[in-house]
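S.K.: Sequential numbering of the sequence shown, starting at 160, is according to the numbering used here. Just so it is clear, CB atoms sit at the ideal spot from N, CA and C, and this is done for glycine as well.
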Amino acid sequence: MAAGFQFRSEGNSYVITICSDASKSHPNSSVLQDESAVLGRYNDTDIVGRESWLLLTYGSGDADQKDETCKSARRVQILITCKEENEDASLYFLEYNKNWNATGCFFSFELQTSAVCDQTGLSSGSVLCIIFLTSLGIYFLIGVTYRRMIGGAKGFEQIPHQNFWKELGNLQADGCNFVCRRDNHREESWSRLTNTFNEPHGDRDDALLRP
């Protein structure tokens, strides 16, 4: 018997494997009922899903000759959902639907496993930003509380290390002024130089020509 899920439900035993034979005597079988009836084969598979779930459908199952409504090939639908990590996978029988006349009868199961859980998390940069902002918030909260309760400060005086933050703001302002207004200063310098050359000097020339 291949490794997979084995359980009993409503008086029937089931063996379910994902990509291997549920029984060596039944090639391509993925879902086996009572060790004899193949309900779905992995060589006829359809998969749809999103980030945290998958719907796996196995077709080409054996027909149920004892039931008039299920004499065509049966199918198995396995809904694979996310289960918290560090927990064993769980498989549950949901229903045996005999009223799906368009495509035949099918069995429904639910498999809960951590394999389909969203593994994406916060990046290291995001974690560092969160830690920095949290630490900064705690720093201001404790500092303001201390200066207000112990020092009796009010208004902006409650900000801890106020002079440091003022100097930091001034440095940022100077940097922005240097970067954003650098071209304007150059234009003003050239403008002053051009204006100097363009100024009329008639009075000085007249003075030199006078007897």
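Just list the residues that DSSP pairs Ser249 with in beta bridges.
M.R.: Its beta-bridge partners are Gln271.
S.K.: When you compare each of Thr272, Ala181, Asp247, Arg209 to Tyr217 by their alpha carbons, which one comes out closest?
M.R.: It is Ala181.
S.K.: According to DSSP, is Gln224 part of a helix, a strand, or is it coil?
M.R.: The answer is coil: DSSP assigns Gln224 none of H, G, I, E or B.
S.K.: What is the residue span of the beta strand (DSSP E) that Cys241 lies within?
M.R.: Here the beta strand (DSSP E) through Cys241 covers 233 to 241.
S.K.: Can you check DSSP and say which residues form a bridge with Gln331?
M.R.: Its beta-bridge partners do not exist; DSSP assigns none.
S.K.: With burial defined as no fewer than 16 other Cβ atoms inside 10 Å of the residue's Cβ, what is the status of Cys229: buried or exposed?
M.R.: Cys229 comes out buried.
S.K.: Which residues does DSSP pair with Gln165 in a beta bridge?
M.R.: Val174, per the DSSP bridge assignment.
S.K.: Between which residues of its own chain and Val235 is the CB-CB distance below 6 Å, once the five residues before and five after are set aside?
M.R.: Val190, Leu198, Gly199, Tyr217, Phe266.
S.K.: In the DSSP assignment, what are the bridge partners of Trp212?
M.R.: DSSP output for Trp212 lists Thr240 as bridge partner(s).
S.K.: Give the DSSP bridge partners of Phe298, in chain order.
M.R.: One detail in the question is off: residue 298 reads as Tyr in this sequence, not Phe. Note: Tyr298 sits in no beta bridge, so no partner.
S.K.: Along the beta strand (DSSP E) that carries Gln192, what are the first and last residues, could you check?
M.R.: Taken as a continuous stretch (DSSP letters only), the beta strand (DSSP E) holding Gln192 covers 188 to 192.
S.K.: Would you kindly check if the distance between the Cβ of Leu250 and the Cβ of Phe164 is under 7 Å?
M.R.: In this structure, Leu250 lies closer than 7 Å to Phe164 by Cβ.
S.K.: Let me check one thing: in DSSP terms, what residues is Ala196 bridge-paired to?
M.R.: Paired residues: Gln192.
S.K.: Taking Gln192 as the reference, which of Ala222, Ala274, Asn322, Gln331 has the closest Cα?
M.R.: That would be Ala222, whose Cα lies nearest to the Cα of Gln192.
S.K.: Expressed to the nearest angstrom, what Euclidean distance is found between the alpha-carbon atoms of Arg167 and Cys241?
M.R.: If you take the alpha carbons of Arg167 and Cys241, they lie about 23 Å apart.
S.K.: By the three-class DSSP mapping on this structure, what secondary structure does Asn322 have?
M.R.: Correct three-state label for Asn322: helix.
S.K.: Near Ala196, what residues of its chain come up, given a Cβ to Cβ distance below 7 Å and the 5 sequence neighbours on each side ignored?
M.R.: Closer than 7 Å at Cβ, skipping near neighbours: Asp221.
S.K.: Quick check on Ile206: does DSSP put it in helix, strand or coil?
M.R.: Here Ile206 sits in strand by DSSP.
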